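Single-structure report; data block below.
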Amino acid sequence: MHVTLRTAVSQSPAVVMAGFTRELFVALAPPFPRLRLLRFDGCHTGDRVEIELDTLVKRLSWTSLIVDDGVQPDGTHFFVDEGQILPPPLRFWRHRHLIQPGSKGGSVIVDALEYRTASRLLDALIYPAMWAQFAWRRPIYRRWFR
Numbered sequence: 126m127h128v129t130l131r132t133a134v135s136q137s138p139a140v141v142m143a144g145f146t147r148e149l150f151v152a153l154a155p156p157f158p159r160l161r162l163l164r165f166d167g168c169h170t171g172d173r174v175e176i177e178l179d180t181l182v183k184r185l186s187w188t189s190l191i192v193d194d195g196v197q198p199d200g201t202h203f204f205v206d207e208g209q210i211l212p213p214p215l216r217f218w219r220h221r222h223l224i225q226p227g228s229k230g231g232s233v234i235v236d237a238l239e240y241r242t243a244s245r246l247l248d249a250l251i252y253p254a255m256w257a258q259f260a261w262r263r264p265i266y267r268r269w270f271r
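Numbering (our numbering), first residue to last: 126 to 271.
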């Protein structure tokens with residue numbers, strides 16, 4: 126299943142890319158499930174991010190590896206994280222972060238997600254929650270990159 130959200134911000138792609146820090150990662154966390162950041166190496170190939178999700182019933186581990194990063198010929202900065210250890214019901218996770226040049230020196234942050242569970246029906250059922258988790262980021266991005 127694919128989810129794509131776009132957020133226009135006023136900073137340049139290079140500034141936005143440099144702003145993807147531990148502090149921003151924590152600021153982007155939605156209120157539920159509660160997130161505890163255990164490790165954040167950065168956003169470059171080979172870096173790892175490890176979190177613990179507290180669902181109030183159980184604590185779940187999630188580890189992602191940055192598998193690619195760079196700058197495309199059009200000036201788009203990007204990095205890609207892939208899930209290595211995923212909480213149920215997820216079985217596959219790839220999140221492409223694109224920071225595209227926007228108008229008047231700004232950028233468009235694109236969160237392009239691909240995920241899978243054990244069934245297409247479950248993929249579709251959790252789509253609204255996935256969309257909401259990333260829509261939550263939009264006002265935070267706008268404030269962070271004024």
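We treat Cβ as the ideally placed atom computed from N, Cα and C, and that holds for glycine.
Given the structure is predicted, the values throughout are model-derived calculations rather than measurements.
Start and end residues, alpha helix (DSSP H) containing residue i
i	result
V151	147-152
R262	262-269
P138	138-143
Residue i and residue j closer than 8 Å at C-beta
i	j	result
S135	F270	yes
I191	F203	no
D172	R161	no
T132	R268	no
H220	D236	yes
E148	L163	no
T242	P214	yes
P138	I224	yes
I234	V141	yes
L238	V128	yes
Given residue i as reference, the closest of the options once Cα atoms are compared
i	options	result
P253	D194, Y240, L223	Y240
S189	G195, E207, L181	E207
R146	H127, F157, S137, H169	Strictly speaking, residue 146 in this sequence is Thr, with Arg absent from that position. Considering only alpha carbons, the answer is H169.
W261	P158, S186, E175	P158
P264	L153, S232, K229, G144	L153
G200	G144, G231, Q258, L130	G231
Bridge partner(s) assigned by DSSP for residue i
i	result
Q292	This structure cannot speak to residue 292, because the chain is shown only from 126 to 271.
L160	L178
Y240	W218
R245	Per DSSP, none; premise fails for R245.
F204	D194, H222
I210	T188
Delimiting residues of the beta strand (DSSP E) encompassing residue i
i	result
A193	Just to set this straight, residue 193 is Asp in the shown sequence, not Ala. Its beta strand (DSSP E) spans residues 184-196.
G167	Per DSSP, G167 belongs to no beta strand (DSSP E) and is neither H nor E.
L130	127-134
D199	Careful: D199 lies outside any beta strand (DSSP E) and carries neither H nor E.
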